[in-house]
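To keep things clear, I will list the structure first and then write my remarks on it.
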Amino acid sequence: MSGHSKWATTKHKKAIVDAKRGKMFAKMVKNIEVAARIGGPDPDGNPTLYDAIQKARKSSVPKDHIDRAVKRGGGVGADAVDYTTIMYEGYAPGGVALLVECLTDNKNRAAMEVRTAMTRNNGTMADPGSVSYMFHRKGVIMVPQEQEGGPTNEDDVLMAVLDAGAEEVNDLDGTFEIVCEATDLVAVRTALQDAGLDYDSADASFVPTMTVDVDVDAATKIMRLIDALEDSDDVQNVFANFDASDEVMAQVQ
C-alpha cells in the first residue's frame, strides 16, 4: 500500500488546492445531484448523499449551491438532471494504469475529451477490463490529524474504527487515511462520528493492488496527464497505480 499512500497524499493535497481555486465545486455539486437522484433527497436516509454534502461543505461549497443540487437531483424543478457514470481505462507514461471515472449527460463529449487528453499527454486508451483488474473498490475516509479538541494520533483513530470494519489506517502527512471495504464505508464513518472525530471526506474509491515505480520524468508526465483529464467537467476522478519516492514527488512540477 506504500505506493497508494504516496499517491493518496498527492491526490488529497491536490484536491485541496483545486477546491481553493473553485475547480472542484462543479464536480462536488454533480456528485450531490447524482446521489439525490439515486437514493432520494433526504440525507438522513441516503448515506451517499450525506457524505457528498459533507465533502462539499468541507470544501466551502456555498449552502445554496448544495441545496439547489439536492433539489435538482431529487427531480424537483424544471432543471432536474440525469447523469450517466462511465469508466474509461488507459495507460499513462511509464506503463502506469489509469481508471478515469466520468459523470456526464453527454457520453460522446466525455469520450472525446478523455481521448483528447490522453492523446495530447502521452497516454493511451485501453480496452475495458485490461486495467480495472489492478484495482479494488474500497472505502476511503480522510481524517485530519488536527481536530477541534486538539491533535489526534493513529492509535485513537484505529481504536475508533477497528470494530467497524477498517482494514488500514495510514499516516499521510497531516491526514489519516482509513481504508475499508466499500460496503463498510458508512459503518466506519459512523464510528468516527460516535468517537467525536471529524473527517474531511468519505468516498468509495479504487485502490491499486499493484504499483509501478516511476522517476521524476515519468511522474511529471503522469501528473500533467491527470491534470488534463481532470480539466474536463465530465471527469470526476482519476485513479492511478504509480509509486514514487518522496524525493521524486517533491521534484514534480
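Okay, so the sequence shown: first residue is 1 according to the UniProt record's numbering, each after it adds one.
Using N, Cα and C, we set each Cβ at its ideal position, and we do this for glycine too.
Could you check whether residue j and residue i sit closer than 8 Å to each other, using their CB atoms as the reference points?
i       : j       : result
Tyr-91  : Ala-56  : no
Asp-243 : Thr-211 : yes
Ala-228 : Asn-121 : yes
Asn-46  : Gly-39  : yes
Ala-195 : Ala-240 : no
Asp-213 : Gly-139 : no
Ile-66  : Ile-86  : no
Val-248 : Val-216 : yes
Ala-182 : Ala-164 : no
Ile-178 : Val-169 : yes
Restricting to Cα atoms, I'd like to know which of the options is closest to residue i.
i           : options                           : result
Gly-74      : Val-34, Asp-155, Met-223          : Val-34
Gln-147     : Asp-156, Val-140, Gly-139         : Asp-156
Gly-174     : Ile-53, Met-112, Met-142          : Met-142
residue 254 : His-65, Val-70, Thr-104, Gly-94   : Past the boundaries of the shown model lies residue 254; the chain is included only from 1 to 253, so the question cannot be answered.
Gly-150     : Asp-198, Gly-129, Asn-106         : Asp-198
Gly-94      : Phe-25, His-136, Gln-236, Lys-221 : Lys-221
Leu-49      : Val-70, Thr-119, Ala-218          : Val-70
Arg-137     : Asp-42, Pro-208, Gln-193, Lys-107 : Pro-208
Ser-60      : Pro-43, Val-29, Phe-206           : Val-29
Met-223     : Ala-191, Lys-63, Pro-41, Gln-251  : Gln-251
Pro-62      : Ala-26, Asp-42, Ser-130, Phe-206  : Ala-26
So for residue i, helix, strand or coil by DSSP?
i       : result
Thr-209 : coil
Gln-54  : helix
Gln-147 : strand
Leu-172 : coil
Val-248 : helix
His-4   : No answer about His-4 holds up, because its pLDDT of 46 lies below 50 and its placement is not dependable.
Met-87  : strand
Met-118 : helix
Tell me which residues share the same chain as residue i and place their Cβ nearer than 6 Å to its Cβ, disregarding the 5 neighbours each side in the sequence.
i       : result
Met-1   : Note on Met-1: pLDDT 34, under 50, position unreliable in the model; the coordinate value appears next. Closer than 6 Å at Cβ, skipping near neighbours: no residue.
Tyr-88  : Val-100, Val-114
Asp-203 : Val-140
Which residues in the same chain as residue i place their Cβ atom closer than 7 Å to its Cβ, once the five residues preceding and following it in sequence are excluded?
i       : result
Asp-171 : Glu-154
Gln-145 : Pro-151, Thr-152, Gly-174, Thr-175, Phe-176
Could you name the residues that DSSP lists as bridge partners for residue i?
i       : result
Asn-237 : Glu-101
Ser-201 : Met-142
Val-179 : Val-140, Glu-168
Val-96  : Ala-92
Ala-126 : Glu-89
Asp-243 : Asp-213
Within the same chain, show all residues whose beta-carbon is closer than 8 Å to that of residue i, passing over the 5 residues directly before and after it, in chain order.
i       : result
Val-238 : Leu-98, Leu-99, Val-100, Glu-101, Ile-226, Leu-229, Glu-230
Lys-58  : Asp-200, Ser-201
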